[in-house]
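If you're matching them up, the sequences are chains A and B in order. Residue numbering for the first sequence follows this note's numbering, beginning at 1185 and increasing consecutively. Residue numbering for the second sequence follows this note's numbering, beginning at 1185 and increasing consecutively. Glycine residues also receive a C-beta, built at the ideal position from the N, C-alpha and C atoms. All figures in this text were calculated on a predicted structure; none of them were measured in a lab. Here the structure is laid out as structure tokens; the discussion comes afterwards.
There are 2 protein chains.
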Amino acid sequence: MADPREQAAPAAQQGAQQGAQRQSPPQQGAPQRQEAPATRKERTRRRLAETATRLFTERGFDLVTVAEIAEAAGVTEKTVFNHFKAKEDLVYGDDDAFETALLDCVRARPEGESALGAVRRFLLDRYGRMAFDADRRGRAQALAAIVTGSPTLQARERRIHARYADALCELITAEEHADPTDIRPRITAEALLTVHRGSIASVRAAILAGVPDDELPGRAITTLRTGLDLLAHGLDDYAVRTGG
Amino acid sequence: MADPREQAAPAAQQGAQQGAQRQSPPQQGAPQRQEAPATRKERTRRRLAETATRLFTERGFDLVTVAEIAEAAGVTEKTVFNHFKAKEDLVYGDDDAFETALLDCVRARPEGESALGAVRRFLLDRYGRMAFDADRRGRAQALAAIVTGSPTLQARERRIHARYADALCELITAEEHADPTDIRPRITAEALLTVHRGSIASVRAAILAGVPDDELPGRAITTLRTGLDLLAHGLDDYAVRTGG
DNA sequence: ACTTCTATTACAGTCACTGTATTATCTACT
DNA sequence: AGTAGATAATACAGTGACTGTAATAGAAGT
């Protein structure tokens, strides 16, 4: 759930990841519907991700070996690594999508809007669109449990967010004509991404605590607003030591 | 350099890390001077860290195997892992010290001071005390080069900082009687640690760029002040899109 | 010298991940 | 339909971080 949208989407599988073969299997003649034929490669990839998720849910990420996943999916271990360059990628599919969308939103913000304002719009919009049916809820819950239980996956998630922050930082640096030693773009970018992370964490906690579906978007949005307001107004009025 | 002090200090080696043996080899009768006898364990540990650093500097963290380090230090591979639970720990010794000091400073802040204010005092004090002789500069430079060249180490560093942030977050949550779903303590903690990270990055960059020793503390402090001021006053006035 | 720790080693193994060469399978073209 | 050419999967052999356990060597104290 490096992207809130992943909660409400089939989590991960769209397109190849290696980038090397991004150009090779293009949309062939047939318009590719969601449940459509799908190439062999795509089928295998999906099967692997699903098998892995099932096993991770049953026993935890760190207690399942790649060899087991391969066997359960009826392929060789090597095949798993042909599709996913690391075990963690079986959970986090590829999602440049989030990064791209975030950057586009910031880049295209109207005059007078701050980077924070743009990110606020972006995230509120995304979380506002969150919607759950039983199936999605189930997947989101499984994912939350898996990630919560695995330091390895949490580390990977930090890495993903760090990448987003880097990209945002770069954008802000360019826009502000800031020199590379100016720390402000970095602080801004990282702080904004922290709010995103916090929202994810709060949604996950709510999901695992059994909060009903229709309350989830509200919680996420509250979390978001609280965090962004704090950053917008400044931290120096928060956590002030009082006598007693 | 998860701790600015590490730049100006013998980087890493004071005390055991496993915690399990924290109580076992206590200060024995003799007052332990810096260059003093040191137990066999301590000597081996230091030798390993030094050997490793040397090799990492020569060829890069990821291109040196633990087996090579062991051989170069005249011990078994297993011995390395008896002393350091992961390869990365050969670079980042143990430093609960930073965490403890940071938390103490926040905990003990005077009435009317915000968490940000306390962290500002803390960091300014630390960076203000930075001092370099040729030897320290050399070590800092080697460390900067090693870390800059290794994604593995950067990931580890993020993990360390995440731990600091968790601890600070917990402290603020307790102080503010915030309920666990309140995101503000987390945002505050992470944002403040981001400033720390940014300062480290700026010092490293300066060191690698050959900036003279006596300018380094000034740069660090400027970076710190810039970052903290931004967070103190709020992000909503920064990176505002202007016409054109 | 003898016991008692503790540090180190020997050894055997697990698991993520890589590279290469080979076989199976699928697609396109004639 | 049949076959060439790509593509997916496999077999195989390895590297490297890391673990556990039992045996040995070294330092310290009685």
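Check the Cβ-Cβ distances between residue i and every residue of chain B, and say whether any is below 8 Å.
i, result
"A:Arg1368", "yes"
"A:Ala1299", "yes"
"A:Arg1293", "yes"
"A:Gln1205", "Residue confidence for A:Gln1205 is low, a pLDDT of 32 falling below 50, so the modelled location carries little weight and cannot support an answer."
"A:Tyr1422", "yes"
"A:Val1379", "yes"
"A:Gly1418", "yes"
"A:Thr1410", "yes"
"A:Ala1193", "The predicted model places A:Ala1193 with a pLDDT of 34, which falls under 50 and marks its position as unreliable; any figure quoted below should be read in that light. False, the Cβ-Cβ gap to chain B never drops below 8 Å."
"A:Ile1405", "no"
"A:Glu1283", "no"
"A:Ser1208", "Residue confidence for A:Ser1208 is low, a pLDDT of 36 falling below 50, so the modelled location carries little weight; the figure read from the coordinates is stated next. By this cut-off, A:Ser1208 is not an interface position."
"A:Ala1324", "no"
"A:Ala1358", "no"
"A:Leu1414", "yes"
"A:Ala1339", "yes"
"A:Gln1211", "Interpretation of A:Gln1211 is limited by its pLDDT of 35, a score under 50 that renders its predicted location unreliable; the figure taken from the coordinates is listed afterwards. No, because no Cβ of chain B sits closer than 8 Å to the Cβ of A:Gln1211."
"A:Glu1374", "yes"
"A:Arg1342", "yes"
Return the Cβ separation of residue i and residue j in integer angstroms, given the expectation that the two are a contact with Cβ distance under 8 Å.
i, j, result
"A:Ala1348", "A:Leu1392", "At residue 1348 of chain A the sequence reads Tyr, which differs from the Ala that was named. Going by Cβ atoms, the distance from A:Tyr1348 to A:Leu1392 rounds to 24 Å, so no, they are not a contact pair."
"B:Arg1342", "A:Arg1425", "With 8 Å as the limit, B:Arg1342 and A:Arg1425 do not qualify as a contact, their Cβ atoms being about 29 Å apart."
"B:Gly1382", "A:Arg1370", "5 Å"
"A:Gly1427", "B:Glu1295", "5 Å"
"A:Gly1244", "A:Ser1334", "7 Å"
"A:Glu1359", "B:Ala1256", "The Cβ separation is near 48 Å, so there is no contact."
"A:Ile1367", "B:Gly1301", "Actually they are not in contact, since the Cβ atoms of A:Ile1367 and B:Gly1301 sit about 18 Å apart, beyond 8 Å."
"B:Val1290", "B:Leu1355", "6 Å"
"B:Ala1346", "B:Arg1388", "Not confirmed; about 19 Å, so no contact."
"B:Ser1298", "A:Asp1397", "Contact flag wrong, Cβ pair sits at about 38 Å."
"A:Gly1340", "A:Glu1242", "Reading off the sequence shown, one finds Arg at residue 1340 of chain A, where the question assumed Gly. In fact, because the Cβ distance is near 20 Å, the residues do not count as touching under 8 Å."
"A:Val1264", "A:Val1250", "5 Å"
"A:Leu1286", "A:Ala1233", "Between A:Ala1233 and A:Leu1286 the Cβ distance is about 24 Å, and since that is not below 8 Å, they are no contact."
Contact criterion: CB-CB distance below 8 Å. Does residue i meet it with respect to chain A?
i, result
"B:Thr1365", "yes"
"B:His1361", "no"
"B:Thr1228", "no"
"B:Ala1351", "no"
"B:Arg1386", "Residue 1386 of chain B is actually Ser in this sequence, not Arg. It does: the Cβ of B:Ser1386 has a partner Cβ on chain A nearer than 8 Å."
"B:Ile1371", "yes"
"B:Gly1382", "yes"
"B:Leu1287", "no"
"B:Gly1296", "yes"
"B:Gly1427", "yes"
"B:Ala1270", "no"
"B:Arg1310", "no"
Who are residue i's beta bridge partners in DSSP?
i, result
"A:Val1424", "B:Ser1298"
Could I get the ranges of all uninterrupted alpha helix (DSSP H) runs contained in the segment 1214-1272 of chain B, with 4 residues as the minimum, in chain order? 1224-1243, 1250-1257, 1261-1267
Runs of 4 residues minimum, wholly inside the segment 1284-1322 of chain A: which ones carry the alpha helix (DSSP H) assignment? 1299-1312
Does the segment 1228-1242 of chain A touch the segment 1253-1270 of chain A, meaning 3 or more C-beta pairs lie closer than 8 Å? yes
Determine, using beta-carbon pairs with one atom in the segment 1310-1324 of chain A and one in the segment 1400-1418 of chain A, whether at least three such pairs fall under 8 Å. Touching, yes, given that three or more Cβ pairs across the two stretches are closer than 8 Å.
Is the segment 1234-1243 of chain B touching the segment 1316-1335 of chain B in the sense that three or more CB pairs, one from each, lie closer than 8 Å? yes
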